[in-house]
Amino acid sequence: MAAVSLHVTMLLLWLGALAGSAMEGLSIPSTSDGPFLPRTVLFDPTLQPGSDDLPHSDPRLVKRVPLIYPEQIALALSTPDAMWVSWITGDAQIGEQVIPLDPTSVSSEVHYGTESGNLTFISTGTAEVYNQIYPYEGLLNYTSGIIHHVRIQGLAENTTYYCRCGDSARFAMSDEHTFRTLPYPGPDNYPSRIAIVGDLGLTYNSSSTLDLIASNGPSLLLMLGDFSYANQYTTAGTKGASCYSCEFPNSPTRESYQPHWDAWGRFMEPLVSTIPMIVIEGNHEIEPQADNVTFAAYKARFAVPHEESGSNSQLFYSFDADGIHFIMLGGYVDYNRTGEQFFWLKSDLEKVNREVTPWLVAAWHPPWYNSYRSHYQEAECMRLEMEDLLYEHGSCI
Ligand SMILES: *[C@@H]1O[C@H](CO)[C@@H](O)[C@H](O)[C@H]1NC(C)=O
Ligand SMILES: *[C@@H]1O[C@H](CO)[C@@H](O)[C@H](O)[C@H]1NC(C)=O
Ligand SMILES: *[C@@H]1O[C@H](CO)[C@@H](O)[C@H](O)[C@H]1NC(C)=O
Ligand SMILES: *[C@@H]1O[C@H](CO)[C@@H](O)[C@H](O)[C@H]1NC(C)=O
Ligand SMILES: *[C@@H]1O[C@H](CO)[C@@H](O)[C@H](O)[C@H]1NC(C)=O
Ligand SMILES: *[C@@H]1O[C@H](CO)[C@@H](O)[C@H](O)[C@H]1NC(C)=O
């Protein structure tokens, strides 16, 4: 599936049924009240199926800060009173004999507070680099900048915070950013707006999508897989085959141009340094490389609340946002009844307290119900494994 190029937004949501009588006088129909006549909108053939990629020289994609200053700053939800702050310092390298940077050479600090200019709280975190290695003639290797993740804790609900990140001893701190925490979980609390996007990419059309999201002022951005499409480029940075497996059936692995991820991180920064982004992997994040390593960029670049939710994999996890319990499932990792993800899902569903989070939303990348011809029934095995379990726990489809 990694070889299939996706251009159409594919996402799937499960909206949980409302608990008991929590919503007197207001009834939101569930699928068990159906069947309903499907409401369909005919595909508008004048819409272009795709759009050109932004050139890497676009000002939004160019590195704008000196060497060890933070860039690609992003927020992610953790527990209700905590937030992840992530950023990158130093220059990535691609080419021959790349030498990984030392992640301990730049410290990971976030200074924050509830008053602009008075950032009295300091949290520290961890840093790492990742490599994308292709030991094949003609392909190039990549090693990332230093990727920092800091979890800031003890945050008040529904409160505006100001923060700067970086290395204060080296006077390499970011500008001040501001974000607002969500209200703590509770049956009457809902984020005013949640933006949900799949298959964003880095095209001219992606930038219209991002502008539209920003202008709607969401309190949360859910990214349901296929982010940068770095794997549609060769390691030399030229556009690769859109159907790689058709053109190169004997190739050991598909190339992926990792600087495209850095461009994407810069492209996203204006939005996701002020609202939290929650990600789950799609097929374009698999990015196989040497030694059967997969998902290296996804795992290193994004902080997700997997440990917070008792999952030992960044490829599936859950979190609460106001009155909603979100479950993010992995469509490209074992989803079988005998596997770890399934066991984790079962225990996570058993823990959900519908008095606190009446809504249960599960999301993943490959759609279960889909009439689109090029991905028809791709996720059928996953559906057969997990659908009953989600039904048993009172979700509706
Ligand atoms: C998408 O991009 C194409 C060109 O790449 C452009 O013609 C079209 O207007 C764009 N659509 C939107 C909604 O931005
Ligand atoms: C990439 O790294 C591998 C493993 O270290 C090495 O065998 C290969 O020669 C490197 N490729 C280049 C172009 O330097
Ligand atoms: C800065 O914030 C701290 C704690 O939030 C507060 O105690 C202190 O008075 C503030 N300082 C100024 C100058 O406002
Ligand atoms: C959050 O804060 C806003 C603005 O102060 C207020 O209008 C709203 O009622 C608060 N929401 C909750 C759930 O506390
Ligand atoms: C990579 O995976 C293939 C197929 O599953 C297996 O045959 C091979 O031994 C693995 N290689 C390494 C280095 O783990
Ligand atoms: C699920 O189990 C089957 C049978 O053991 C296996 O072929 C398949 O690869 C598994 N699926 C995943 C996603 O691991």
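Residues -22 to -1, 1 to 375 (mature numbering (1 follows the signal peptide of the UniProt record, and there is no 0)) make up the sequence shown, in order.
Backbone N, C-alpha and C fix where the C-beta goes; we use that ideal spot for every residue, glycine too.
Since we're looking at a predicted model, the values are computed, not measured.
Per-residue DSSP class, three states only, for residue i
i: Q131; result: coil
i: T187; result: helix
i: R158; result: strand
i: N270; result: helix
i: E87; result: strand
i: E74; result: coil
i: H303; result: strand
i: F320; result: helix
i: T104; result: strand
i: A192; result: helix
i: E93; result: strand
i: S373; result: strand
i: Q355; result: coil
i: L202; result: coil
i: L55; result: strand
i: L45; result: coil
i: E2; result: Any answer about E2 is weak, because its pLDDT of 45 lies below 50 and its placement is not dependable; what the coordinates show is given next. The answer is coil: DSSP assigns E2 none of H, G, I, E or B.
i: D326; result: helix
i: H11; result: According to the sequence displayed, residue 11 carries Asp and not His. In this structure, D11 counts as helix in the three-state DSSP scheme.
i: T181; result: strand
i: E333; result: coil
Residue range of the beta strand (DSSP E) that includes residue i
i: Y235; result: Here Y235 belongs to no beta strand (DSSP E), and DSSP marks it neither H nor E.
i: D145; result: 138 to 145
i: I66; result: 61 to 67
i: T121; result: 119 to 121
i: W337; result: 337 to 342
i: I172; result: 172 to 175
Contact under 8 Å by Cβ, residue i with residue j
i: H129; j: W62; result: The amino acid at residue 129 is misidentified as His; the sequence shows Arg. Yes; because the gap between Cβ atoms is below 8 Å, this pair is in contact.
i: Q236; j: Q75; result: no
i: residue 385; j: G218; result: This structure gives no information on residue 385, because the portion of the chain shown stretches from -22 to 375.
i: G176; j: H353; result: no
i: I256; j: L133; result: no
i: P254; j: T231; result: no
i: G144; j: D69; result: no
i: S64; j: H127; result: yes
i: S152; j: I51; result: yes
i: E49; j: S146; result: no
i: A278; j: E106; result: yes
i: R148; j: I258; result: no
i: Q137; j: R171; result: Gln is not the amino acid found at residue 137; the sequence shown has Thr there. No; because the gap between Cβ atoms is not below 8 Å, this pair is not in contact.
i: A341; j: M364; result: no
i: P58; j: Y140; result: no
i: E225; j: T212; result: no
i: P336; j: P165; result: yes
i: A274; j: L198; result: no
i: Y182; j: L25; result: no
i: E318; j: D326; result: no
i: Y112; j: A357; result: no
i: F245; j: L180; result: yes
i: A208; j: L39; result: no
i: H284; j: Y295; result: yes
i: L97; j: R42; result: no
Endpoints, alpha helix (DSSP H) assigned at residue i
i: D298; result: Run containing D298: none in the alpha helix (DSSP H); it sits in the beta strand (DSSP E), 295 to 299.
i: Y369; result: 358 to 370
Within-8 Å CB hit, residue i to chain C
i: L202; result: Going by chain labels, chain C is absent from the structure shown, which holds only one protein chain.
Which residues are close to ligand 3, meaning CB closer than 5 Å to any heavy atom, in chain order? N96, T98
Note down, one range per segment and in chain order, each beta strand (DSSP E) of at least 3 residues found wholly within the region 205 to 289. 255 to 257
Which residues count as close to ligand 4 when the rule is a CB under 5 Å from any of its heavy atoms, in chain order? N136, P161, N167
Could you please go through the chain and list the residues whose beta-carbon is closer than 5 Å to any non-hydrogen atom of ligand 1? S29, D30, Y182, N183, S186
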